[in-house]
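Enquirer:
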Amino acid sequence: MSTLLRNASLLDADGRREGWVLIDGDRIAAIGLAGVDAPPPAATVLDLHGRTVTPGFIDLHGHGGGGAAFDNGAEEIAAALAVHRAHGTTRSVISLVANPLDDVEASLSTVAELAASDPTVVGAHLEGPFLAIGRRGAHAPEFLHEPDAETIGRLLAAGAGRISQITIAPELPGALEAVRRFAAAGVVVAIGHTEADEHVARAAFDAGATLVTHVFNTMPGIHHRDPGPIAAAFDDERVTLELVVDGVHVHPSVVQMVFRAAPHRVALVTDAMAAAGGADGHYRLGSLNVDVRGGIAHLAGTSTIAGSTLTQDAALRTAVVVAAVDEAAAVEALTRTPARVLGRDSEWGSLAAGYAADLVVLDADWRVERVWAAGRALPVDPAEQTFR
29 MSTLLRNASL
39 LDADGRREGW
49 VLIDGDRIAA
59 IGLAGVDAPP
69 PAATVLDLHG
79 RTVTPGFIDL
89 HGHGGGGAAF
99 DNGAEEIAAA
109 LAVHRAHGTT
119 RSVISLVANP
129 LDDVEASLST
139 VAELAASDPT
149 VVGAHLEGPF
159 LAIGRRGAHA
169 PEFLHEPDAE
179 TIGRLLAAGA
189 GRISQITIAP
199 ELPGALEAVR
209 RFAAAGVVVA
219 IGHTEADEHV
229 ARAAFDAGAT
239 LVTHVFNTMP
249 GIHHRDPGPI
259 AAAFDDERVT
269 LELVVDGVHV
279 HPSVVQMVFR
289 AAPHRVALVT
299 DAMAAAGGAD
309 GHYRLGSLNV
319 DVRGGIAHLA
329 GTSTIAGSTL
339 TQDAALRTAV
349 VVAAVDEAAA
359 VEALTRTPAR
369 VLGRDSEWGS
379 LAAGYAADLV
389 VLDADWRVER
399 VWAAGRALPV
409 DPAEQTFR
């Protein structure tokens, strides 16, 4: 069944133009410009009255939502994804915190099974166990350790080819070899939760790391005599920087700086935990207790930020309205750039014929009105979603 979205304002990394989109099956069949290309017939025609259409958002890094955590099995993954789909995220990498190795293996197997049946599940992101204790953030220290061949082998086996990403502190003994091994297995390697200086970061990039996990958070900042890993990432065209734009993790002025310093290399991520799309209160992140007040998550009894309560439509609003990021650049950071990180930018992240029919309709205030994922219309109310 074909669907025509007419009278739309199309916005992707290439900018804004007025026109229409034809969906046929799970693909964009055609795109046309207003006043140039006549809209084709379709089984269903929706007049969007000038609302904005973007590609579906791709989240490289999230831990849950709607009271559900990605570490807690298939049902909770589905419940959390429903919340994020309702906010425009059409492809998700399932991030797993540091846990006992047996539990992580079980979670990897669950994600692999889901990814084989649900096109919106890209794969797993291992945020641990190879993290620096002193930069652990909201990860239990007892489950962190140095990379070793046996653990790497067990993780790769459990992931069954569905590990999309891993975060590694590159200064750990054996870490650079781990970077090389995961990269050779087709896993996107990020540096993060790290004490690395500039030189170690550059060595990790040369070994195959191509991403920085939530830049500025859980790593040394930029100092004029000790530039650190962030400046090294700015300077390396091979490297993309994850950025959490919720007004808490990174100041809006610094958000602007990141977009200027690394054009086309910023990926907006949520790093969302179970409270995303939910109310303040008490939650769990892996084995740790988290308190959420005013939409800000902290490890219970501490000032340590424990993920976010962010959804990607809110990240877009904050980037454009608060941080004054160019709208096309902000959309690119939610769509084409994360697709490129995953090696899927010929399929996802653009409004063009042949691309996946992952689409988001936004009102004038950058709020989600409609979502299509793999050509299927999803309800905005997550309680109504039955994608799988």
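Adding 28 to a residue's 1-based position in the sequence shown gives its number in the numbering used here. C-beta: ideal position from N, C-alpha, C; glycine also. Here the structure is a predicted model, which is why all the values come from computation and not from measurement.
By DSSP's criteria, Gly90 is part of a beta bridge. Which residues make up the other side?
Expert: Per DSSP, the beta-bridge partners of Gly90 are Ile122.
Enquirer: First and last residue of the beta strand (DSSP E) that includes Ala36?
Expert: 30-40
Enquirer: Which value, in whole angstroms, describes the spacing of the CA atoms of Leu109 and Arg288?
Expert: 31 Å
Enquirer: For the segment 171-179 against the segment 126-140, do three or more pairs of beta-carbon atoms, one drawn from each stretch, fall closer than 8 Å, so that the two count as touching?
Expert: Yes, the segment 171-179 touches the segment 126-140.
Enquirer: From the DSSP secondary-structure annotation, give me the bridge partner or partners of Ser336.
Expert: Residue pairing by DSSP places Ser336 opposite Ala300 in a beta bridge.
Enquirer: For Val294 and Gly90, which I take to be in contact (beta-carbon distance under 8 Å), what is that distance rounded to the nearest angstrom?
Expert: Taking 8 Å as the upper bound for CB-CB distance, Val294 and Gly90 are not in contact here, some 17 Å apart.
Enquirer: Reducing DSSP to helix, strand and coil, say where Phe262 ends up.
Expert: Helix, per DSSP.
Enquirer: Quick one: Cα of Glu226 to Cα of Gly256, how far?
Expert: 4 Å
Enquirer: Taking buried to mean at least 16 other C-beta atoms within 10 Å of its own C-beta, is Asp87 buried or exposed?
Expert: buried
Enquirer: Around the Cβ of Asp40, are there at least 16 other Cβ atoms within 10 angstroms (buried) or fewer (exposed)?
Expert: buried
Enquirer: Quickly, what does DSSP pair Gln284 with across the bridge? List them, please.
Expert: According to DSSP, Gln284 bridges with nothing at all.
Enquirer: Specify, as a first and last residue, the run of the beta strand (DSSP E) that His277 falls within.
Expert: From DSSP, His277 is part of no beta strand (DSSP E); its letter is neither H nor E.
Enquirer: Just to confirm before moving on: does the CB-CB distance between Val272 and His292 stay below 7 Å?
Expert: no
Enquirer: Just to confirm my understanding: we take Gly78, look at its own chain, exclude 5 residues before and 5 after, and list those with CB closer than 7 Å. What are they?
Expert: Asn35, Ser37
Enquirer: What residue range is occupied by the uninterrupted beta strand (DSSP E) comprising Leu204?
Expert: Element bounds for Leu204: not the beta strand (DSSP E) but the alpha helix (DSSP H), 203-212.
Enquirer: Leaving out five residues before and five after Thr332 in sequence, what residues of the same chain have Cβ atoms less than 7 Å from its Cβ?
Expert: Gly165, Ala166, His326
Enquirer: Between the alpha carbons of Phe233 and Val240, how many angstroms are there, rounded?
Expert: 10 Å
Enquirer: Helix, strand or coil, according to DSSP, for Pro407 in the structure here?
Expert: coil
Enquirer: How should Gly72 be labelled, buried or exposed, when 16 other C-beta atoms within 10 angstroms of its C-beta is the threshold for buried?
Expert: Checking the displayed sequence, the identity of residue 72 turns out to be Thr instead of Gly. Under this definition Thr72 is an exposed residue.
Enquirer: List, from N- to C-terminal side, the beta strand (DSSP E) runs of 3 residues or more that fit wholly inside the segment 112-181.
Expert: 117-124, 149-155
Enquirer: By the DSSP assignment, the beta strand (DSSP E) with Arg44 in it spans what residues?
Expert: For Arg44, the enclosing beta strand (DSSP E) has its first and last residue at 43-52.
Enquirer: Give me the DSSP bridge partner(s) of Val396.
Expert: According to DSSP, Val396 bridges with Leu390.
Enquirer: To the nearest angstrom, how far is the alpha carbon of Gln340 from that of His115?
Expert: 7 Å
Enquirer: Taking just the CA atoms, how far does Val64 sit from Arg190?
Expert: 43 Å
Enquirer: Which whole-angstrom value describes the C-beta separation of Val501 and Thr238, a residue pair presumed to lie in contact below a C-beta threshold of 8 Å?
Expert: One cannot answer for residue 501 here, as it falls past the ends of the chain, which runs 29 to 416.
Enquirer: For the beta strand (DSSP E) holding Leu316, just list the boundary residues, first then last.
Expert: 316-321
Enquirer: Give the secondary structure of Phe415 by DSSP, where H, G and I count as helix, E and B as strand, and everything else as coil.
Expert: Caution applies to Phe415, whose pLDDT of 42 falls short of 50 and renders its modelled position unreliable; the model cannot decide the point.
Enquirer: State the Cα-Cα distance for the pair Pro157 and Gln284, rounded to the nearest angstrom.
Expert: 32 Å
Enquirer: Tell me which residues share the same chain as Val353 and place their Cβ nearer than 6 Å to its Cβ, disregarding the 5 neighbours each side in the sequence.
Expert: Phe287, Ala347
Enquirer: Which of helix, strand or coil does DSSP assign to Glu270?
Expert: strand
Enquirer: Arg113: beta carbon under 6 Å from a heavy atom of the ligand NAP?
Expert: The ligand NAP is not part of the structure shown, which contains no ligands of any sort.
Enquirer: Exposed or buried, which one is Asp409 when buried takes at least 16 other CB atoms within 10 Å?
Expert: Exposed, since its Cβ has fewer than 16 Cβ neighbours within 10 Å.
Enquirer: Measure from the alpha carbon of Gly371 to the alpha carbon of each residue in Tyr311, Val215, Gly335, Ser123, then state which is nearest.
Expert: Val215
Enquirer: Applying the 10 Å Cβ sphere with the 16-neighbour rule, what's the burial state of Leu200?
Expert: buried
Enquirer: Using only the alpha-carbon positions, how far apart do Gln193 and Val217 sit?
Expert: 6 Å
Enquirer: Leaving aside the five residues before and after Ala261 along the sequence, list all residues of the same chain whose C-beta is less than 6 Å from its C-beta, in chain order.
Expert: Val240, Val267, Leu269
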